[in-house]
Structures are given as structure tokens and as C-alpha cells.
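Residue numbers (the numbering used here): 25 to 1012.
Ideal Cβ placement from N, Cα and C applies to all residues, glycine included.
As the structure is a computational prediction, the values presented were derived from the model and not from experiment.
Okay, structure first, notes after.
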């Protein structure tokens, strides 16, 4: 990772419209080319971010107009660009490497305000049939049209009567009289013409021509070859606004909205789309499948989309009802079912193979005849240049348009872009391919037009193809079609794939995931299925989202490894008995720690990111200690102690910057910063401007506490004493800071940061867990914080306040209410957050939830597995958690009443804890409960506590292993024996 750049001071008030121009050339690999505009504060930035930019080797003139510039970041509330202080040209790593860039002849020029109002154009043609005049093509009606006389030497010329900008054309051809081939040229004077676009093989009634930011006085369509032997005909020509073709996604949005529904994926109609992930553990490759059954075969690539035909009726996502399931309800093998009455159509997908070597995506399409008569029809598997990841997924690698620049059929296989191959296991009945200019593949299939091309090249990278399968199904009969798509190329497949082999691989995949996510044995009533399935599914999603050993929250927008996400997600894995992956992650991440002890906030394929996020240092220490807590691996702990001590040294350097006399002796608002770590943007709410967040400082305290304990475990006496002093001083300063911040802001809750006094319970929750600071947090302010959140939660849930969206990171508050002994509140949050999973039966969490589920807005990744791991950690605390300050193990603190009252009883087995693996069962008989605790546990110092049991009703009697005890209240039963059979009696 990394970046480098130059700045030029360029203070200027900007007019309503303008452009900057400069020349550029470079000797550089493709990287992000960022053109930034910065105000006088230096905090507010606007930019043009050219991602993965292909730098020209020779001088090229670049134009940056006002419409190209977007607000990037900064605290300003007015994001309109009115004045700048400087410009910056930055090369930021995309693939990395080294090189040189030259920039010259930078100029600024005011422009006339943009307008969409132009004179009505004049249209001339070489010929016209009767009164079918050329001006009919711009009259706004498709009922009128122009038609030529003959097909030789025909053209139509449009005079805009002024120089104007446009982004392309939509040509609505007269049916059966469309041009098969044509050119488009522009001119300023009608004498000198420049050809800007050519189409050689159109067969569609609609042509969409992308001409990005074109400017001209005249435009000519030179009609070369007609699909009719008589003439050419055009109903209407529409000129695209500039904004309709600034990007490929802009162009496809326009195209889809001006085409029949179903011709393009639903998100191009600004309809919300949802999906889940496919892959194998440890692999860097992941596919996606959406709720319509469309499958994206690799990141930013292309998708396979199904369509069915029965007689003259066609069915795709636009006119079917789809249901979604997972294999055995929780395994990461998703299915989509279209119920068409007499016919069921099922799409199933899974990945199998050795990670990063020969892993393969397998698609299984099943047609079943549920009727009492024979059913015949056709299945079309369309290969399309669109991602499952929608266009509104803008972060890092934008979704929407993918790329297919070539399709080639050879030996019964379909080669796409020369780097992907589709291997059909059954012989298909036909294959055809088209370029974008030839038409829309859905429309051409519906019109029964033969797609003759066995191979195509498309400079627009928008080619499409289709595999056609005919079927004739007897009553009760099914037809299964398999496709294999190797992630690592055809050469990675070392066997002749057959149906039997693929079914065997499916069985292997099922067994692998069952073993991986079922370490904990849940035996709960059916009402718990949604919680348990979500728990297990998200464990699998975490492992699929990993790249190599890097734990990542997503497979697209968030395909990077943050130590923040990774530490908390690792904790969730350890609590589920998944250990090796955490060991590998720690080994890998510590190898990227800087020499001065700084822990990078994030690491990806380019290396560590230098951006300071000051929670990271404490999080790494916490993770190392957490791994030891579950494994008791002293050898591993000792091997990482240098990383721990270096991280502490770096923390000390940050603290020293806020330990000067200025902060020590200032007024209350200044003293509130004393002894903290410096400001950073680790908390997403502070990305506009770094703050002294308590998120950072609580994780710093957690890191220091764990560092002390690590030295104690390893008998490192000298470093133990030194770090202990750092910890104690920092702890004192942290709580002084919190109290001063509350005083200065006159607030009665714990703020999110020093500067703002902001309310942010979702970040404050980490003070409870994993930082274990409840005992030290100021009272009643800590209670006020979560009471205030719950009041807000209820109002939002009941729509008594206006809201647009939220982030389900809030589900970590489930755990907060459990630790605060408020299980009823925890249950309400669980129900709410689970209800917002879309689709319900894939059990995945998005990063953003919109109030209107139909909103086509950014949702991060699905599944977003940091959100998922927050849920896992919270749900685990329903069953068990460690009270570190009390040195006890807490059981059953938030169980649902119907679970403990189940006629068949309930049990949970093999729960990993700091003290070993614990199991327990609960069985109700009349008014009494038998609570049996067993497993392999070293009893903690203060034993085991059962909390909040049976609505916190006071038992009449409690026995442990047949002996009465007195150490119980209505909220807590203390147990000092293990194993233990606990009788909890409520009778007289």
C-alpha cells in the first residue's frame, strides 16, 4: 500500500462552471490516479479518483470539468465546491510497483453554465418516403418515423444549430427496417467529418450508442447496410445527457431504464438486489449469487443468468417469484427456486477444491415437472457482462458493469475473456454470442432470432452469450444441468468431470462445512432455529470471506484485513472452536507490524496501510492474549511477546504526545486530552476528521491490561512491572478524561470522543466487552448510555422517528444488555436485527440496512462478517461468558423462556471458554428445573454463576450435587463445584 504525490497552491474562487486541463504521461503500472482539490483548512477534500488508471506513455491532454469532481471527505456540511486553496496529484497503490509521472501545462478556464436546453435540431436525409420526413425522428413520438427510399448511399444528418454536448444516442429503429451496419460522425462545419462510432452487425430494434462527453454542431448517421432489402427506417433518436454516459454504469442505467423490464439485472432499474457469497476456506477467489439466481463467477467479472421458455412465454427474474434456501438450512451452499406452478426450477451453487490452486465453482440447475402431463421448453443460461454486485456498491471495486470482451466456443466449452472457461457437463443444444451493438440478448432470444456467432470480440467489453438447453419432461421427471467454472483456469482441473464426480464433490463440501461449524452442539427448540442457523452460517461466511489467512469483513467492498475486524472476528471463531485459522491470522498480521511497533490498521494484497488508526495496537495485543486464553499455548504466546512489547512502546509514544504540560495544566476542555493516545479515524464516524475517540482509548487500555497479563504468564518480571505502571497511569488518565468530557459538555452519558461529546453507544459497548471495564465505568452514566440507546432503538423500531438507514454493528449491543443483566432488551434487539436480514433464509448481515428495503443504496458487503461476528460474540454470551473482573464463568444469562421450558429440554455442548470446554442441559419437571453442568473445565477462582434464570424469579430451594446451598438470589446462583447437577426448585 502507500501513495505519493505533489501539490500546487492554486487559491481561486470557482465560477458556476469550469474546467482544469493538463497534459500527462507516465512510465508506471496501473494505479489509482487521484486529482484532489483542497480548501484552505486542509481538512476538506474534493477529488476525481481514477481507479486502476492506465497511464498514457505519450503526452495526453486531460480535462477535469466541474461535473467530474466529487466530495471526498472532510467535516464541512457544505459539500459544494466554491473555492480551493491547492490542487494535489496523487498516485495511490492499486497494484503497487514503481514509476515516474510527468504533468505539464496545467490550466484553468471558466465555462458557460451547463444546460440541457438547446434549440430544436434540424434533420436532413438523403431521401424520404412520401411524408415520412426526417424531422419525425426528433419529434418525441415513436408513432411517427422517417423512412428512406432505397438502401444505397443513405444517411441522416442532425444539425443542432449550436455546438452542444451529449453522451450518446438511443436509436429506435422502425421494425424490420433497422440498419445492420452504420457509422456515426460529427462535424463543426458540415465539411470536415470525424467518425466516432461504427456498428457492423445490428439486429435489434433499439440501438444504444455510448459517446462519452461528445461535443459537436452536427451529427451524421451513415446508413451502410439494412436488415431490409427496401429501405431504412427510424422512429426516434434521443440524445443522452452527459451524465448518462460518464461511466459504464451510467450508460447501462440509462439503457436498462429505456428497455423492457427483464432485459437487464434488476439493480439497473434502481431496484434493490441482495446476494450471498460462494467460495472455499482460505481462497482468494469468491463468487456471488443473488436472490434471482444470477451468479457472478469472480470479482468484477461476469455472471450467468437463467431464463426459461414454455411455448411463447418467457420467464426470468422480472416475472417469477423466487425463494431462497441454504443446504440443510445453514450450510454455505445457496439455492434459489422459481415456482412456476407445474414446473419447479432450482439454481444451486457451491465451491470445492484446493484453495488458491484448483478451487472450482459448480452450478447445478434442476427442472422438475410437478404436473400430470408432459412439459417441454427451453432453458437459457445467459453469459452476461454484469456483476451480481450492484452498481450502487461504489466502494473500492465498484459493482454493476463487469466485462466480457471475448467469447469463444471450442470443444464443447465456452471461453470468456481468455481467462475463464465454462465447462458444461451435458451437451447443450446450441450456443450463440453477440456484441453489445448487435442487440440485447434477452430481447433477441424472445424474438427467436438465431445467434450464429460461435465467437465474438467486443471492444466495449459488453459481449453476451447463451447456452440453450431443450427439455421434454414426463410427469415427475427432472432434468439436471451442471456447469463447472474453475477459479484458476482450465489447466487446474486434473480430472474428467462427470455428474457423479460433481455430486461427490457436493457431498464432500457439505461434510466439510458441517464439521467446520458444528463444534458446538445446539439442542434447542425449533424457535431457536433462526438464531442457531445464523450463528453457523456466519461462521462459514467468515471463513469464505478470508483471503489466504487474512480475515476480511467482505469479498468485494471490504476485501481487506483490518486488525479491528480481525481481532473481534477471531474471538468469535475461537469461541466456536475454530482455532487454526486464528493462529495463521496472528502469524501473518504480526509479520506486517512496523519496526517501531506500530500496528497497521489494515493489510491487503499490497501490504500494510500506513494510515494511523490508534485502536489497532491494543487490538493486536488483545488478539494474542485471546488466542492464549482459549489454547493455553505458552510457546506461541512467548513467540509473539516481542510484538506485544513493541506495540506497547508505540502506544507509549502516542501517549507522550498528549502528556505535555499544555494538556496537563490547561482548562478542563484541554485537560480532557491529557494522557490519551492521539486522534485517529479508526472510528468510522470520524473519517471526516480524526478525533480522540474513546473507542481507541478503551482498546488501548485493553491492550495494556493484556500485555501486563502476558508478561505475568511468561514470568517476564521486568517488563511486567514497567507495563503495569503504563497501564495504571493510562487507566487513571482515561477515566479522568471521560469525567472531564462529560463535565465540559454537560452530558450524563459516556461520549464517543473528547471533542464532540457525541452519543455513540455502539462504540461505547466495547468498554463492556471485550475491554471488561464495566466495574470501572462511571455510574450512573454507563446505565444512562445504554438506556438512551434503548429508548432510541424503540422509537426507530416503531417508526416514531424519521430514519433512513442504520448499520447492524448495533447488534453488538445485544451483548451489552446481556452483560447489564437486561436479557429482555437483548431479545428485542435479536428479533429486530434478524428480521432485517435479506433474504431471511440466507442468514447474512449487510453492513447497512435501509428503512425501505427496496432502496437501491450502498449496503457494504453481504455477508458482512464483522457485523456477523459481532452477532456471534453477542449470541455466545447468551449461553456463556467470562466475567474477568470477578474471575467467574457466567452461564445461561439470556436464554429464552420457551427454551428452558421445552418439554424435551435443552442442551448446549462443547462451548469453548477461557477455562476449557463446558456443556450444560436444562430440563423442566413441574415447577422445578434440573440444570446439569459438565465438560472439561478448570473451575475459575469464583466459580460458575447462573444468571437471570426463569425471569429472575427467586427459587425456593437450590441444590448442587444433591446438597442444598444458600448462595443464590433471584438474579444469580453461585456454584463452586464441577461437574454439577443443580436443582432449581420453585415449589412450596
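From which residue to which residue does the alpha helix (DSSP H) around residue 531 run?
-> 523-541
Say whether the stretch 631-648 touches the stretch 608-616, bearing in mind that this needs 3 or more beta-carbon pairs closer than 8 Å, one atom from each stretch.
-> yes
Kindly provide the ranges of any beta strand (DSSP E) runs that are 3 or more residues long and lie completely inside the stretch 943-1000, ordered along the chain.
-> 952-961, 968-971, 981-984, 987-989, 996-999
Residue 767 - containing alpha helix (DSSP H), residue span = 741-769
Do three or more CB pairs link the stretch 493-510 to the stretch 460-476 at distances below 8 Å?
-> no
Are the CB atoms of residue 87 and residue 45 nearer to each other than 7 Å?
-> yes
Apart from the five residues just before and just after residue 796, which ones in its own chain have a Cβ nearer than 7 Å to its Cβ?
-> 908, 909
Determine contact between the stretch 979-993 and the stretch 936-946, defined as no fewer than three beta-carbon pairs at a distance below 8 Å.
-> no
Across which residues does DSSP place residue 613 in a beta bridge pair?
-> Beta-bridge pairing links residue 613 to no other residue.
Any idea if residue 927 is buried or exposed, counting beta-carbon neighbours within 10 angstroms, 16 or more meaning buried?
-> exposed
Hey, residue 220 and residue 235 are a contact pair by Cβ (cut 8 Å); roughly how many whole angstroms apart?
-> 6 Å
Per-residue DSSP class, three states only, for residue 312 = strand
Assuming residue 374 and residue 533 form a contact by the criterion Cβ under 8 Å, report the distance between their Cβ atoms to the nearest whole angstrom.
-> 5 Å
Is it right to say residue 343 is buried, meaning 16 or more other beta carbons lie within 10 angstroms of its own, or is it exposed?
-> exposed
Return the chain-ordered ranges of every beta strand (DSSP E) run that is complete within the stretch 312-361 and spans a minimum of 3 residues.
-> 327-334, 337-339, 346-351
Three-state secondary structure assigned by DSSP to residue 418 = coil
Separation of residue 753 from residue 946, as counted between CA atoms = 45 Å
Please say whether residue 565 and residue 887 have beta carbons closer to each other than 7 Å?
-> yes
Check whether the Cβ atoms of residue 70 and residue 96 lie closer than 7 Å to each other.
-> yes
Bounding residues of the alpha helix (DSSP H) (the contiguous stretch that carries residue 677) | 665-681
By Cβ distance below 7 Å, which residues in the same chain neighbour residue 452 in space, the five residues on each side in sequence not counted?
-> 491, 492, 493
Spatial distance of residue 641 from residue 625 (CA atoms) | 8 Å
Confirm, please, whether the CB-CB distance from residue 847 to residue 913 is below 7 Å.
-> no
Residue nearest to residue 83 in terms of C-alpha spacing, selected from 62, 739, 108, 130 = 130
Could you check how far apart the C-beta atoms of residue 463 and residue 477 are, in whole angstroms? I think they sit under 8 Å.
-> Their Cβ separation, rounded to whole angstroms, is 12 Å, which puts residue 463 and residue 477 out of contact at 8 Å.
Of the residues 153, 442, 521, 294, the one placed nearest residue 449, counting alpha carbons only | 521
Per DSSP, cross-strand counterpart(s) of residue 452 = Beta-bridge pairing links residue 452 to no other residue.
Thinking C-alpha only, which one of 728, 737, 285 is nearest residue 748?
-> 728
Would you identify the three-state DSSP class for residue 363, choosing helix, strand or coil?
-> strand
Assigned secondary structure, residue 273 (DSSP; H/G/I helix, E/B strand, else coil) | helix
Residue 297 beta carbon near the ligand ZN (any heavy atom closer than 6 Å) | Summarising the ligand content, the structure contains no ligands, and the ligand ZN is consequently not present.
Could you tell me which residues DSSP puts in a beta bridge with residue 196?
-> 230, 260
Residue 158, DSSP secondary structure in three states = helix
Would you kindly report the start and end of the unbroken alpha helix (DSSP H) that includes residue 814?
-> 805-821
C-beta contact flag for residue 300 and residue 923 at 7 Å = no
Is DSSP giving residue 568 helix, strand or coil here?
-> helix
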